[in-house]
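Notes for the one structure printed next.
In our numbering, the protein residues as written are 1 to 238.
Now the structure itself:
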């Protein structure tokens, strides 16, 4: 607990290759209490001063996991490499057995996802696939900032993008987003110019969490759009 009474999120990252290390450091930088785990001494040594706890541990041993308090974390991410997929499976099973609330496991092929889901993984991620898709989107449609699948079957997505020029100066009602494209704008980030006490111009961000039909889309706005993945993708092609 922090002094102000706010609970600190606790996460275990198991597997400290490039992906796991980056994830552990990013979580720690955001105030998460991270337990970083790997069987490789050098990887553990490399990160020990940057996270709450870094341990050399066999994640295929239930008692070893419990001994480091991993059964008490809010989320555990199994981030081992492709050559350790067997260990990923066993670790995922044990994490669920010891009562970890949310277990996120890394996959490399779609068949991996089916295996990991069948043994109890709450979420399965494909870092390499997702990065490749993100890069492709940024090249083909530069206005897209991010696109996230909202369900495991990838039927629904949320898209974050720069407001297209054809949207600017029009209200949401005039655009008829839902009718024409089958998607909804659920959030708008506006950039508002202001001047500080020294007379310097700067941009402030104002977030509209409940966009209405009469709200106008302006140049520079960031839109969050939700809908079926196919409809969201079609919107970016128009």
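Idealized CB from N, CA, C, for every residue including glycine.
Beta-carbon contacts of residue i that lie in its chain and below 8 Å, excluding the five residues immediately before and after
{"i": "residue 46", "result": "16, 21"}
{"i": "residue 168", "result": "217, 218, 219, 221"}
Nearest-angstrom beta carbon gap, residue j and residue i [assumed within contact, 8 Å]
{"i": "residue 211", "j": "residue 188", "result": "5 Å"}
{"i": "residue 60", "j": "residue 87", "result": "6 Å"}
{"i": "residue 214", "j": "residue 173", "result": "6 Å"}
{"i": "residue 70", "j": "residue 12", "result": "5 Å"}
Residues bridged to residue i (per DSSP)
{"i": "residue 227", "result": "157, 183"}
{"i": "residue 92", "result": "Partner(s): none; residue 92 has no beta bridge."}
{"i": "residue 274", "result": "Past the edges of the chain, shown from 1 to 238, lies residue 274, and the structure says nothing about it."}
{"i": "residue 12", "result": "35, 76"}
{"i": "residue 216", "result": "171"}
{"i": "residue 104", "result": "77, 123"}
{"i": "residue 53", "result": "35"}
{"i": "residue 233", "result": "Partner(s): none; residue 233 has no beta bridge."}
{"i": "residue 162", "result": "222"}
Own chain, CB closer than 6 Å to residue i, minus 5 neighbours either side, in chain order
{"i": "residue 41", "result": "56"}
{"i": "residue 192", "result": "204, 206"}
{"i": "residue 44", "result": "38, 54, 56"}
{"i": "residue 52", "result": "33, 34"}
Same chain only: Cβ atoms within 7 Å of residue i, ignoring 5 sequence neighbours per side
{"i": "residue 92", "result": "78, 103, 105, 116, 119, 120, 121"}
{"i": "residue 58", "result": "39, 64"}
{"i": "residue 48", "result": "54"}
{"i": "residue 230", "result": "none"}
Residue-level contact to chain C via CB, residue i, 8 Å cutoff
{"i": "residue 227", "result": "No chain C appears in this structure, which consists of one protein chain only."}
Does the region 78-85 touch the region 26-36, meaning 3 or more C-beta pairs lie closer than 8 Å? no
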